[in-house]
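Visitor:
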Amino acid sequence: MNDPLLDMIVQHYESYSLKDEDALKLHLLDAMATGFAARNKAPKIRGIDGEVPSLEGKNSLDSAAFVNTFLIRYLDFNDTFLGLEPLHPSDMIGGLLALGYARDLTGEDLLRAMGLGYDVSVALCRTTSLRRKGFDHVNFLGIGSTVALASMLSLSHEKLRNAISLTVVPHVALRESRSGTLTHWKAGAAAEAVRNSLFATLLAESGIEGPPLPFYGKYGFVSVVANDMKLEEFRPDREVINVALKEFPVEYHAQAAVEASLKVNTEGEIKEVLVETYDAAISILADKEKWNPTNRETADHSLPFIVSYSILEKNFWLDSYSHILDQGVRDVMGKVKVKEVPEFTSMYPRKLPVRINVVSRINDSSYVDVPKGYPGNPMTWHDVEMKAIRLGLPESVINMLSHIEDVKVKEIVMELSR
């Protein structure tokens, strides 16, 4: 018996050639900016000291991968793919930085690894929905991360098979990380997946073998978790161009809602807010707990909070989350209703339609379906550079990333960790 998905991943690994370098650099810049900005906001992780610099101190190699990824993911401001399963592919960059530093690899090695990792993880997201089964998208992140890390180590196809198996079989993550009231583990789940991926890849490099049928074995991932997986949809090719970037620091299904809320006009007391949107946005951003967020992790997934604050303040940035408990915002949140529009649901994920309708002394509405940063309305290098500067990323790092082919990963990591 063979494992067809494992065979397909290995085939892509062996045939891959680097493409879309400019797009990859754009996503790398975005991830470095969001991770750097989180350094003074995320909890400090103790007891993992080592010799590898990370975005926060020096750690052991796998712990550096965890810390880097935790910070990249912490503000929920890095890139996003929306398909049957959503994903934040740039989460994997945390592990690539750690390994690239430890093995003295080049910026081109990093870009090549990113391209492979994006291809595999995003293509997997087209094959099935994990969240509807109670499993987390970081399962796919870990697989893509392993392929990327294997590329950095130039693993043979046999060692790649073992690395993937050692990533998949012991580490199945549950969707509970993103259910109801959210916690730090919203970021931690991705960090743990990347750390496990790096450790599994190092084990495989050392000759450790994993079960030969990680997906299609009797108790493999497809057999137990995703038996509806459509292998014909696994067609990895230049996937980075299909991944969106964020203009605003909110979950991606709320990007268009912020844009629309900033455009809508009000006069006097707001009496009612009706948000019309698609099913996926409602299931992620408008379950019962989202009308009473008490922390940032829940608030950035709360359509009522995001829309109410944006309408009132005509602005949304990281400091908006200090107003989660403001009474004026809470009053408007209580007047927010969310409604699915079947036509909008049929447009997803090609478009992310939302209409904001507000009743005050005047009635006004605003509609957005392709927010800034989504494929079809992409952010430019200038756009992401301005975002990076606003997030505090040093100009020296921005300049290095713009010509990363000419620098070592170690140089970037040292500059980030200064």
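Numbering (the numbering used here), first residue to last: -11 to 406.
C-beta: ideal position from N, C-alpha, C; glycine also.
Among residues of its own chain, excluding the 5 on either side of residue 27, which ones have a beta-carbon nearer than 8 Å to its beta-carbon?
Guide: Counting from one through the sequence shown, the residue named residue 27 turns up at place 39. So the list reads 43, 44 and 59, once near-sequence residues are dropped.
Visitor: With H, G and I counted as helix, E and B as strand and the rest as coil, what does DSSP make of residue 353?
Guide: If you number the sequence shown from 1, residue 353 lands on position 365. Residue state, collapsed to three classes: strand.
Visitor: Between residue 254 and residue 346, is the Cβ-Cβ spacing less than 7 Å?
Guide: Reading the sequence shown from its first residue, position 266 is the one you call residue 254. Reading the sequence shown from its first residue, position 358 is the one you call residue 346. Yes. Within cutoff.
Visitor: Specify whether the segment 384 to 393 and the segment 269 to 279 touch according to this definition: at least 3 beta carbon pairs, one from each stretch, less than 8 Å apart.
Guide: The segment 384 to 393, when compared against the segment 269 to 279, does not touch it at the 8 Å Cβ threshold.
Visitor: So what does residue 32 bridge to, in DSSP terms?
Guide: The residue you call residue 32 lines up with position 44 of the sequence shown. Beta-bridge pairing links residue 32 to no other residue.
Visitor: Give the secondary structure of residue 41 by DSSP, where H, G and I count as helix, E and B as strand, and everything else as coil.
Guide: As a first step, residue 41 must be located in the sequence shown, where it is residue number 53. Residue state, collapsed to three classes: strand.
Visitor: Kindly indicate the opening and closing residues of the beta strand (DSSP E) around residue 325.
Guide: Looking up residue 325 in the sequence shown gives position 337. Where residue 325 is concerned, the enclosing beta strand (DSSP E) stretches over 324 to 328.
Visitor: How about residue 99 and residue 9: do their beta carbons lie closer than 7 Å?
Guide: The count along the sequence shown starts at 1 and reaches residue 99 at position 111. The count along the sequence shown starts at 1 and reaches residue 9 at position 21. Cβ distance < 7 Å, so residue 99 and residue 9 count as in contact.
Visitor: Consult DSSP for residue 460 and reduce its assignment to one of helix, strand or coil.
Guide: Because the chain is modelled from -11 through 406, residue 460 falls outside the range shown and cannot be assessed.
Visitor: Could you give the DSSP three-state label for residue 378: helix, strand or coil?
Guide: On the sequence shown, residue 378 is found 390 positions in, with the first residue counted as 1. Correct three-state label for residue 378: helix.
Visitor: Would you report the Cα separation of residue 247 and residue 94, rounded to the nearest angstrom?
Guide: Indexing the sequence shown from 1 puts residue 247 at position 259. Indexing the sequence shown from 1 puts residue 94 at position 106. Their Cα atoms are separated by approximately 39 Å.
Visitor: Whose C-alpha, out of 312, 128, 333 and 240, is nearest the C-alpha of residue 153?
Guide: As a working note, residue 153 is residue 165 in the sequence shown. The candidate whose alpha carbon is nearest that of residue 153 is 128.
Visitor: Compare the C-alpha of residue 326 against each of 178, 261 and 109 and name the closest.
Guide: Within the sequence shown, the letter at position 338 stands for residue 326. Measuring from the Cα of residue 326, the nearest candidate turns out to be 261.
Visitor: Could you check where the beta strand (DSSP E) with residue 180 kicks off and where it finishes?
Guide: The residue labelled residue 180 in the question sits at position 192 within the sequence shown. Note, residue 180: premise wrong, no beta strand (DSSP E); alpha helix (DSSP H) at 173 to 193.
Visitor: Is it true that the CB of residue 137 sits closer than 7 Å to the CB of residue 87?
Guide: As a first step, residue 87 is located in the sequence shown; it is residue number 99 there, counting from the start. As a first step, residue 137 is located in the sequence shown; it is residue number 149 there, counting from the start. It is a contact, given that the beta carbons lie within the stated cut-off.
Visitor: Are the beta-carbon atoms belonging to residue 179 and residue 362 less than 7 Å from one another?
Guide: As a first step, residue 179 must be located in the sequence shown, where it is residue number 191. As a first step, residue 362 must be located in the sequence shown, where it is residue number 374. Contact flag unset, no.
Visitor: When you compare the CB positions of residue 344 and residue 354, do they come within less than 7 Å of one another, or not?
Guide: Looking up residue 344 in the sequence shown gives position 356. Looking up residue 354 in the sequence shown gives position 366. Yes, these two residues count as a Cβ contact at 7 Å.
Visitor: Which runs of the alpha helix (DSSP H) spanning at least 4 residues fall entirely within the segment 253 to 307, listed in chain order?
Guide: Qualifying alpha helix (DSSP H) stretches, in chain order: 267 to 273, 284 to 287 and 291 to 301.
Visitor: Using the Cα positions of residue 312 and residue 150, report the straight-line distance between them to the nearest angstrom.
Guide: As a first step, residue 312 must be located in the sequence shown, where it is residue number 324. As a first step, residue 150 must be located in the sequence shown, where it is residue number 162. Approximately 46 Å between the Cα atoms of the pair.
Visitor: Could you check how far apart the C-beta atoms of residue 145 and residue 252 are, in whole angstroms? I think they sit under 8 Å.
Guide: Within the sequence shown, residue 145 is the residue found at index 157, counting from 1. Within the sequence shown, residue 252 is the residue found at index 264, counting from 1. Not really, about 54 Å apart at Cβ, beyond 8 Å.
Visitor: Go ahead and label residue 61 buried or exposed: buried means 16 or more other beta carbons lie within 10 angstroms of its beta carbon, across all protein chains shown.
Guide: The residue labelled residue 61 in the question sits at position 73 within the sequence shown. Classification of residue 61: buried, given that the 10 Å Cβ count is 16 or more.
Visitor: Could you spell out the range, first to last residue, of the alpha helix (DSSP H) harbouring residue 100?
Guide: As a first step, residue 100 must be located in the sequence shown, where it is residue number 112. 95 to 113 is the extent of the alpha helix (DSSP H) around residue 100.
Visitor: I'd like the span of the beta strand (DSSP E) that includes residue 342, first residue to last.
Guide: Translated into the one-based positions of the sequence shown, residue 342 becomes position 354. Residue 342 -> beta strand (DSSP E) spans 342 to 347.
Visitor: Given residue 228, which residues of its chain have a CB within under 7 Å of its CB, disregarding the five upstream and five downstream residues?
Guide: Here residue 228 is taken as the residue at index 240 of the sequence shown, counted from 1. Only 8, 11, 12, 15, 103 and 106 meet the Cβ criterion.
Visitor: Shortest alpha-carbon distance to residue 181 belongs to which of 364, 375 and 81?
Guide: Along the sequence shown, one-based indexing puts residue 181 at 193. Residue 81 is the option with its Cα nearest to residue 181.
Visitor: Touch check for the segment 237 to 244 and the segment 64 to 74: three-plus C-beta pairs under 8 Å?
Guide: The segment 237 to 244 is in contact with the segment 64 to 74.
Visitor: Can you tell me which residues form a DSSP beta bridge with residue 47?
Guide: In the sequence shown, residue 47 corresponds to position 59, counting from 1. Looking at the DSSP assignment, residue 47 forms a beta bridge with 37.
Visitor: Quick one: give me the first and last residue of the alpha helix (DSSP H) that residue 388 is part of.
Guide: Reading the sequence shown from its first residue, position 400 is the one you call residue 388. From DSSP, the alpha helix (DSSP H) with residue 388 extends over 383 to 390.
Visitor: Alpha carbons only, please: which of 224, 222 and 203 is nearest the one belonging to residue 215?
Guide: Position 227 of the sequence shown holds residue 215. Selected option, being the one with the closest Cα: 203.
Visitor: Could you check which residue in 349, 393, 373 and 271 has the C-alpha nearest to that of residue 120?
Guide: Here residue 120 is taken as the residue at index 132 of the sequence shown, counted from 1. Among 349, 393, 373 and 271, the Cα nearest to that of residue 120 belongs to 271.
Visitor: Strictly by DSSP, which residues pair up with residue 232?
Guide: As a position in the sequence shown, residue 232 is number 244, starting the count at 1. Looking at the DSSP assignment, residue 232 forms a beta bridge with 68.
Visitor: Please state if the CB of residue 309 and the CB of residue 287 are separated by a distance shorter than 7 Å.
Guide: Counting from 1 along the sequence shown, the entry for residue 287 is found at position 299. Counting from 1 along the sequence shown, the entry for residue 309 is found at position 321. Result yes, Cβ atoms of residue 287 and residue 309 sit closer than 7 Å.
Visitor: Decide if residue 243 is buried, meaning its Cβ has at least 16 other Cβ atoms within 10 Å, or exposed.
Guide: To locate residue 243, count along the sequence shown from 1; it is residue 255. So residue 243 ends up on the buried side.
Visitor: Residue 377: buried (16+ other C-beta within 10 angstroms of its C-beta) or exposed?
Guide: Translated into the one-based positions of the sequence shown, residue 377 becomes position 389. With fewer than 16 other Cβ atoms within 10 Å, it is exposed.
Visitor: Round the Cβ separation of residue 165 and residue 177 to the nearest angstrom and send it over; I've been treating them as touching at under 8 Å.
Guide: As a working mapping, residue 165 is identified with position 177 in the sequence shown. As a working mapping, residue 177 is identified with position 189 in the sequence shown. With a Cβ gap of about 4 Å, residue 165 and residue 177 count as contacting.
Visitor: Could you tell me which of 23, 364 and 230 sits nearest to residue 74, measuring between CA atoms?
Guide: Mapped onto the sequence shown, residue 74 falls at position 86. Ranking the options by Cα distance to residue 74, first place goes to 230.
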